[in-house]
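In my numbering, the protein residues as written are 5 to 149.
C-beta atoms are modelled at their ideal positions from N, C-alpha and C, and glycine is treated no differently.
It should be emphasised that the depicted structure is a prediction, and the values quoted were computed from it without experimental measurement.
Put into structure tokens, the structure is as follows:
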């Protein structure tokens, strides 16, 4: 007997997959970047240097594309993104989706994009969340287990 149908998402799964691909591209660039963080970041000159690096980092074209894409999503789709991340992060099941989505709706604010991009492993968690709901991304160049 087939499993129950996937929960209906406000955000198209293809949009989530696009975000995941861009996050992976962004995260791989971040891992390759050599960021010169001093041992004692409280020294005046070091604070200036860190601030300059953060400014350069925030203007990364892939990051800007992600920020623009997520910022332009309707609120209900942003809520889905947060709930999907929580679903994947917590190894939760599809039965927990309605409660997670409600929790994400209650926590929604203007900093959703910053929250998502500041969360380590967000791409992996989004993919796990989609998978828990019965969706999958076809990631070119990636091989399955």
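Residue i versus the options, residue with shortest Cα-Cα distance
i, options, result
"residue 117", "131, 14, 89 and 33", "89"
"residue 94", "111, 131 and 110", "131"
"residue 111", "32, 86, 17 and 142", "86"
"residue 97", "33, 32, 23 and 129", "129"
Contact check, residue i vs residue j, beta carbons under 9 Å
i, j, result
"residue 121", "residue 92", "no"
"residue 73", "residue 26", "yes"
"residue 126", "residue 84", "no"
"residue 75", "residue 14", "no"
"residue 17", "residue 141", "yes"
For residue i, the three-state DSSP class (helix, strand or coil)
i, result
"residue 75", "helix"
"residue 45", "Because residue 45 sits at a pLDDT of 47, beneath the cut-off of 50, its placement in the model cannot be relied upon, and the following sentence gives the value as read from the coordinates. Reduced to three states, the DSSP call for residue 45 is coil."
"residue 141", "coil"
Assumed close pair residue i, residue j - CB separation to whole angstroms, cut-off 8 Å
i, j, result
"residue 137", "residue 11", "6 Å"
"residue 77", "residue 30", "That belief does not hold up - the Cβ atoms of residue 77 and residue 30 are roughly 17 Å apart, past 8 Å."
Cβ-heavy atom distance, residue i to the ligand MG, below 8 Å
i, result
"residue 28", "This structure simply doesn't include the ligand MG, nor any ligand for that matter."
The alpha helix (DSSP H) enclosing residue i, as first and last residue numbers
i, result
"residue 120", "116 to 121"
"residue 126", "126 to 136"
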